[in-house]
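Numbering (the UniProt record's numbering), first residue to last: 1 to 493.
Encoded structure:
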């Protein structure tokens with residue numbers, strides 16, 4: 001059984017990332033093996049968690065993966081650890097819009113049978129903190145609120161007033177942290193700046209978080225609270241253990257979406273034909289003979305421009321028979337030798353557009369791989385990188401589309417259906433994903449979409465072109481492991 005805590009807050013901006021990361025760093029420094037987790041689709045906070053613990057930061061998203069996978073995924077990530085710290089998302093009871101508690105920190109805490117530590121921004125209150133905590137403690141009797149950490153406390157006198165007010169609530173105060181600018185992390189248009197972009201500064205910031213938590217919190221009491229969590233009673237998720245039988249290709253479904261190219265009840269356009277003069281079948285046969293008996297090599301984009309990924313994706317690809325190698329599109333001028341498939345996840349290519357554009361040899365190598373018909377999976381930042389241009393800077397030119405920054409944030413969960421067979425899924429496959437970007441992409445006239453978004457609105461999204469699947473939609477493959485196997489099998493072919 002792994003001792004565990006969920007770090008939550010009444011609202012975003014209360015300091016739960018600082019406290020959660022600080023707890024991870026402090027517990028790790030004390031000699032414990034700490035497993036870091038994050039509720040929801042966030043990619044950036046897990047980077048700081050990983051820096052604090054030396055282990056991959058893992059997400060627990062009950063919307064994308066389903067409530068039934070939360071405990072198994074947690075047990076998988078926490079295997080072999082002494083203690084796990086789970087950072088919540090938004091406010092404790094905030095979940096997917098219009099779907100009650102689904103994907104909320106409160107729901108995940110109940111699924112993990114884990115006590116909750118509430119981080120309260122006390123900077124502008126004294127006795128009122130007791131009323132706030134009382135409300136959160138009594139709202140859902142199934143949520144076990146095990147303690148409070150008072151954050152942004154102004155002085156010893158302020159702390160004394162807060163502790164006095166909390167005496168009648170029945171929820172112990174497990175720590176009080178002063179305002180500390182040295183632990184602040186810089187932000188920009190999509191949240192915190194990722195660790196990969198500021199590693200030296202991030203190392204210092206995480207160390208400062210750990211020291212602040214060590215000095216201001218009762219680590220012994222927090223450890224005891226974590227160890228009070230009851231047995232979880234679940235089997236750990238195993239990559240590849242739930243690979244289903246391959247689904248047969250079938251006629252694409254009628255997807256009701258608002259699009260000039262999708263009349264109500266109509267089917268998508270037929271698959272594009274290979275370019276004239278390019279013998280994809282012959283190339284695939286040669287590749288197959290060369291790699292007969294070998295595992296296909298999947299190259300995964302990394303580095304400062306492409307930092308958004310889930311650890312389970314590479315684990316699933318490996319379980320499906322692929323070898324995974326990371327490369328940096330900012331520095332590497334060629335794809336890894338023997339690459340037969342490419343995964344380009346999310347990140348901030350808009351910040352590095354000039355540098356990505358300047359690496360012309362790699363852009364050409366990516367375009368050549370895509371033209372060969374090899375499987376290419378691109379999400380959000382990857383979609384922008386495959387476009388013809390990004391903010392006027394030439395990109396890979398795989399897609400007949402141009403991308404640019406906009407002033408509008410697109411954010412939220414989505415339910416989608418594959419409108420045609422592609423390198424990730426057969427037509428009709430349904431899954432849930434998440435969009436998070438401030439860019440727009442303007443496709444050419446002949447683009448074939450990847451997804452029909454069916455909730456919360458109806459529209460088409462993304463691109464399917466030969467082996468390329470490119471979309472703004474972030475997905476979690478643990479929810480549909482056949483995605484990883486289909487992609488790996490396509491790379492092997």
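Just so it is clear, CB atoms sit at the ideal spot from N, CA and C, and this is done for glycine as well.
Since the model is a prediction, treat every value here as computed from it, not as a measurement.
- Residue 72 sits in a helix when the DSSP states are folded into three classes.
- Separation of residue 362 and residue 384 (C-alpha to C-alpha, rounded to the nearest whole angstrom) is 15 angstroms.
- Collapsing the DSSP output to three states places residue 217 in a strand.
- In chain order, 104 and 106 place their CB closer than 6 angstroms to the CB of residue 93, counting only its own chain and leaving out the 5 sequence neighbours on each side.
- As summarised for the stretch 105–192, the continuous alpha helix (DSSP H) elements at least 4 residues long and confined to that stretch are 105–111, 128–139 and 156–166, given in chain order.
- According to DSSP, residue pairing for residue 405 in a beta bridge involves 439.
- Proximity of the stretch 83–102 to the stretch 231–245 falls short of the contact definition, fewer than three beta-carbon pairs being nearer than 8 angstroms.
- Residue 139 counts as exposed, since fewer than 16 other beta carbons sit within 10 angstroms of its beta carbon.
- With 16 or more other CB atoms across the displayed protein chains lying within 10 angstroms of its CB, residue 46 is buried.
- Residue range 34–39 is occupied by the beta strand (DSSP E) that includes residue 35.
- Counting the other Cβ atoms within 10 Å of the Cβ of residue 358 gives fewer than 16, which makes it exposed.
- With fewer than 16 other Cβ atoms from the protein chains shown falling within 10 Å of its own Cβ, residue 409 counts as exposed.
- Inclusion of residue 471 and residue 461 in the CB contact set at 8 angstroms is warranted, their separation being smaller than that value.
- Residue pairing by DSSP puts residue 415 in a beta bridge opposite 432 and 455.
- Comparing alpha carbon positions, the residue from 62, 73 and 111 closest to residue 99 is 62.
- Shortest Cα-Cα distance from residue 26 to any of 215, 116, 141 and 81 involves 215.
- Sequence-distant Cβ neighbours of residue 432 in its own chain, meaning closer than 8 angstroms and more than five residues away, are 63, 64, 413, 414, 415, 416, 475 and 479.
- With a cutoff of 8 angstroms on beta-carbon distance, residue 4 and residue 226 are scored as near each other.
- The C-alpha of residue 448 lies about 15 angstroms from the C-alpha of residue 426.
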